[in-house]
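Protein chains in written order, with my numbering: chain A, 1 to 230; chain B, 231 to 460. Please read the structure below before turning to the comments.
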DNA sequence: TAGCAACCGGATTGCCCTATCCAGTTTTGG
DNA sequence: CCAAAACTGGATAGGGCAATCCGGTTGCTA
């Protein structure tokens, strides 16, 4: 790979041989399907099966699951970031905020894998994390504006959004296909709590560092980052 | 014990040989520890290891995980039911309701296994389900009274409690030991939404049947019931 | 079109889990 | 104290997953 520059999403670098590139795309497409259906717990092997490629091909192209996750969810994360942008464009910040939360949660409900992605952090997935951070910054801005209108409670913290996603993931994972809209009710309840007038104080938000640690959890989604990487 | 009657929790029936009974208790104790730490996903094998008994002994005593879950969590579930009773004794139903929700969620946070139990149903675990149903009935009563005071929103449905537990499980599972109190904030937000005056309508509750199906999910906790049994 | 590097994917290794079998051990009761 | 019944736990079969190895195949380029 040329030591120069390389876009996050441009394959660039060493152009793969045509058949390799074709397989790469088959894998990503298969992973999109499998992750959406089974969550990030899906095994690499099952993705390979779905893609119709050998296991080795899988690992050759994506030595760690984090890299596969990066490739698969970058577009979802982009859509997520776009939702923030759209919310910022709303003349009514509170309305934008509410719409954003609903949209983001709907994305979780529509894709089990993405639900995991939103509550987990993958230091190894560069493009993904970059996109997430961008979205996060927009969110902070959005929250600030919504507070300024006086409709979003003052003690709302950006980290609350993460908590909302965790709670939503819990509902979505538990209800699954059996009650596919149950999450809407919970999210609506949460949103109503976010609106002023505040009914009472809240327990403190978790420390940012603690929450980050929580999002690194190797547990459920089981996507251990490689040793450390660059 | 006379072969006639048998309490749900009395070993009764065919009194086990003393060493067998000892092992049974070791297994239950080990399972309590392991499930609390790892959730219901913990393998039977890991419980056997922790208990220091052979795998065969494990399966002889508890042919299915549901039976083990039944034995292990019956006391937690009893405590859960007691919390409802305590709440019903509160002269202020709304206060009782709030305290109950907080207590129940705290129990989830303190025991990953129980967190799973509260969002999953195990038809094979008789005593457990019996206890759960009892608690549920008390809850319906409690909710009715709380509504009567005018402080609990009219459109609150008993099934919302299940949703609360699912959401809470999501937060607890995601934050784990890293941010052990994060769930409190989410639960506080939900409770504030439950209090009147209502801020707006909510999406409909999931169908009871659908929610039951959701709680049967073979997925996460991975405790498939035996074929059918008695 | 020929040769070579890149690439493919099945086979394999190593680990963990569920579940059953059976030879050896322990408890119990006469 | 002895034998039968109850009980034990290692061994084992059968399945899944992560990850690596290697003989065969394919695309690329001269």
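Heads up, the beta-carbon is just placed ideally off N, CA and C, and yes, glycines get one too. Computed from a predicted structure; not experimentally measured.
Worksheet item: Where do the ends of the alpha helix (DSSP H) carrying residue 156/A lie?
Response: Residue 156/A sits at position 156 when you count from the first residue of the first chain. Premise fails: residue 156/A is in no alpha helix (DSSP H) and is neither H nor E.
Item to complete: Select from the stretch 165-181 of chain A all residues with a C-beta closer than 9 Å to any C-beta belonging to chain B, and list them in chain order.
Response: 165, 166, 167, 168, 169, 170, 171, 172, 173, 174, 175, 176, 177, 178, 179, 180, 181
Worksheet item: Are the beta-carbon atoms of residue 399/B and residue 338/B separated by less than 8 Å?
Response: Looking up residue 399/B in the second chain gives position 169. Looking up residue 338/B in the second chain gives position 108. It is a contact, given that the beta carbons lie within the stated cut-off.
Worksheet entry | Unbroken stretches of the beta strand (DSSP E), 3 residues or longer, contained in the stretch 78-105 of chain A | none
Fill in: At least 3 beta-carbon pairs within less than 8 Å: the stretch 54-64 of chain A vs the stretch 24-42 of chain A
yes
Worksheet item: What is the DSSP secondary structure of residue 195/A, counted as helix, strand or coil?
Response: What you label residue 195/A is simply residue 195 of the first chain in a count that begins at 1. Correct three-state label for residue 195/A: strand.
Worksheet item: Is the Cβ-Cβ distance between residue 84/A and residue 152/A less than 8 Å?
Response: On the first chain, residue 84/A is found 84 positions in, with the first residue counted as 1. On the first chain, residue 152/A is found 152 positions in, with the first residue counted as 1. No, Cβ-Cβ distance for residue 84/A and residue 152/A is not below 8 Å.
Practice prompt. Can you give me the Cβ contacts of residue 347/B inside the same chain, cut-off strictly under 6 Å, excluding the 5 residues immediately before and after it?
Written response: What you label residue 347/B is simply residue 117 of the second chain in a count that begins at 1. Contacts found: 303.
Worksheet item: Taking DSSP as the reference, what is the three-state secondary structure of residue 271/B?
Response: Residue 271/B sits at position 41 when you count from the first residue of the second chain. In this structure, residue 271/B counts as coil in the three-state DSSP scheme.
Practice prompt. Can you tell me which of the three DSSP states residue 62/A falls into?
Written response: The sequence position of residue 62/A within the first chain is 62, counting from 1. The answer is coil: DSSP assigns residue 62/A none of H, G, I, E or B.
Worksheet item: Does the beta carbon of residue 422/B come closer than 8 Å to any beta carbon on chain A?
Response: As a first step, residue 422/B must be located in the second chain, where it is residue number 192. Closer than 8 Å to some Cβ of chain A, the Cβ of residue 422/B qualifies, so yes.
Worksheet item: Between the C-alpha atoms of residue 416/B and residue 146/A, what's the straight-line distance to the nearest angstrom?
Response: Here residue 416/B corresponds to residue number 186 of the second chain, with the count starting at 1. Here residue 146/A corresponds to residue number 146 of the first chain, with the count starting at 1. In a straight line, the C-alpha of residue 416/B is about 20 Å away from that of residue 146/A.
Worksheet item: Quick one: is residue 140/A buried, meaning 16 or more other Cβ sit within 10 Å of its Cβ, or exposed?
Response: The residue you call residue 140/A lines up with position 140 of the first chain. It counts as exposed.
Worksheet item: Which residue comes first and which comes last in the alpha helix (DSSP H) that contains residue 365/B?
Response: One-based indexing of the second chain puts residue 365/B at position 135. Looking at the DSSP string, the run of the alpha helix (DSSP H) that includes residue 365/B is 356-378.
Worksheet item: What three-state label does DSSP hand residue 244/B in the structure shown?
Response: Start at 1 with the first residue of the second chain, and residue 244/B comes out as number 14. The answer is coil: DSSP assigns residue 244/B none of H, G, I, E or B.
Discussion item. Out of 126/A, 195/A, 162/A, which one is the CA nearest neighbour of residue 71/A?
Written reply: Locating residue 71/A in the first chain gives position 71, where the first residue counts as 1. It is 126/A.
Item to complete: Look at residue 425/B and residue 199/A and say whether their C-beta atoms are less than 8 Å apart.
Response: Taking the second chain and counting its residues from 1, one reaches residue 425/B at position 195. Taking the first chain and counting its residues from 1, one reaches residue 199/A at position 199. Taking 8 Å as the Cβ cut-off, residue 425/B and residue 199/A qualify as a contacting pair.
Item to complete: Run the CB neighbour count on residue 87/A, radius 10 Å, all protein chains shown included, and call it buried at 16 or more, exposed below.
Response: Start at 1 with the first residue of the first chain, and residue 87/A comes out as number 87. Its Cβ being crowded by 16 or more others within 10 Å, residue 87/A is buried.
Fill in: Closest by C-alpha distance to residue 201/A, when choosing among 209/A, 167/A, 156/A, 80/A
Within the first chain, numbered from 1, the residue matching residue 201/A stands at position 201. The shortest Cα separation from residue 201/A among 209/A, 167/A, 156/A, 80/A belongs to 156/A.
Practice prompt. Could you list which residues in chain B have their beta carbon closer than 7 Å to that of residue 200/A, in chain order?
Written response: Indexing the first chain from 1 puts residue 200/A at position 200. Within 7 Å Cβ-Cβ: 422.
Practice prompt. Mind listing the chain A neighbours of residue 437/B? Cutoff is C-beta to C-beta under 8 Å, in chain order.
Written response: On the second chain, position 207 is the one that residue 437/B refers to. Those are 179, listed as they occur along chain A.
Discussion item. Residues of chain B with CB closer than 8 Å to the CB of residue 217/A, please, in chain order.
Written reply: Stepping through the first chain from its first residue, residue 217/A is reached at position 217. Result: 404, 406, 408.
Practice prompt. Quick one: list the residues of chain A neighbouring residue 393/B, beta-carbon separation under 7 Å, in chain order.
Written response: Position 163 of the second chain, counted from the first residue, corresponds to residue 393/B. Near residue 393/B (Cβ distances below 7 Å), the residues of chain A are 171, 182, 185, 186.
Practice prompt. Evaluate residue 395/B with the Cβ neighbour count: other Cβ atoms within 10 Å of its Cβ, from every protein chain shown; 16 or more gives buried, anything less gives exposed.
Written response: As a working note, residue 395/B is residue 165 in the second chain. Buried is the call here.
Worksheet item: Which residues in the same chain have their Cβ closer than 8 Å to the Cβ of residue 167/A, if we skip the five residues on either side of it in sequence?
Response: Within the first chain, numbered from 1, the residue matching residue 167/A stands at position 167. If we look at residue 167/A and ignore the five residues flanking it on each side, its Cβ neighbours are 186, 190.
Worksheet item: In whole angstroms, what separates the C-alpha of residue 268/B from that of residue 342/B?
Response: One-based indexing of the second chain puts residue 268/B at position 38. One-based indexing of the second chain puts residue 342/B at position 112. If you take the alpha carbons of residue 268/B and residue 342/B, they lie about 6 Å apart.
Discussion item. Within 8 Å, do at least three Cβ pairs link the stretch 258-276 of chain B to the stretch 243-250 of chain B?
Written reply: no
Worksheet item: What does residue 349/B reach in chain A if we use C-beta pairs closer than 7 Å?
Response: In the second chain, counting from the first residue as 1, residue 349/B sits at position 119. Within 7 Å Cβ-Cβ: 174.
Worksheet item: When you compare only the Cα positions, how much space is there between residue 336/B and residue 204/A?
Response: Residue numbering aside, residue 336/B sits at position 106 when the second chain is read from its first letter. Residue numbering aside, residue 204/A sits at position 204 when the first chain is read from its first letter. Cα-Cα distance, rounded: 16 Å.
Worksheet item: Roughly how many angstroms lie between the CA atoms of residue 5/A and residue 128/A, to the nearest whole one?
Response: Counted from its first residue, the first chain places residue 5/A at position 5. Counted from its first residue, the first chain places residue 128/A at position 128. At residue 5/A, the pLDDT of 37 sits below 50, so the modelled position is not reliable and the matter cannot be decided from this model.
Worksheet item: What is the rounded straight-line gap between the Cα of residue 183/A and the Cα of residue 284/B?
Response: The residue given as residue 183/A occupies position 183 in the first chain. The residue given as residue 284/B occupies position 54 in the second chain. In a straight line, the C-alpha of residue 183/A is about 43 Å away from that of residue 284/B.
Discussion item. By the DSSP assignment, the alpha helix (DSSP H) with residue 461/B in it spans what residues?
Written reply: Outside the shown range of chain B (231 to 460) lies residue 461/B, about which nothing can therefore be said.
Practice prompt. Use the C-beta contact count for residue 409/B: other C-beta atoms within 10 angstroms, 16 or more gives buried, fewer gives exposed.
Written response: Walking along the second chain from the start, residue 409/B turns up at place 179. Classification of residue 409/B: buried, given that the 10 Å Cβ count is 16 or more.
Worksheet item: Should residue 452/B be flagged as near chain A, meaning a C-beta pair shorter than 8 Å?
Response: Translated into positions along the second chain, residue 452/B becomes position 222. Because residue 452/B carries a pLDDT of 45, less than 50, the predicted location of this residue cannot be relied on, and no value is offered for it.
Discussion item. Checking 8 Å against the spacing of the C-beta atoms, do residue 81/A and residue 134/A come in under that value?
Written reply: If you number the first chain from 1, residue 81/A lands on position 81. If you number the first chain from 1, residue 134/A lands on position 134. Cβ distance < 8 Å, so residue 81/A and residue 134/A count as in contact.
Worksheet item: Which two residues bound the contiguous alpha helix (DSSP H) that contains residue 210/A?
Response: The residue labelled residue 210/A in the question sits at position 210 within the first chain. Unbroken alpha helix (DSSP H) run through residue 210/A: 208-216.
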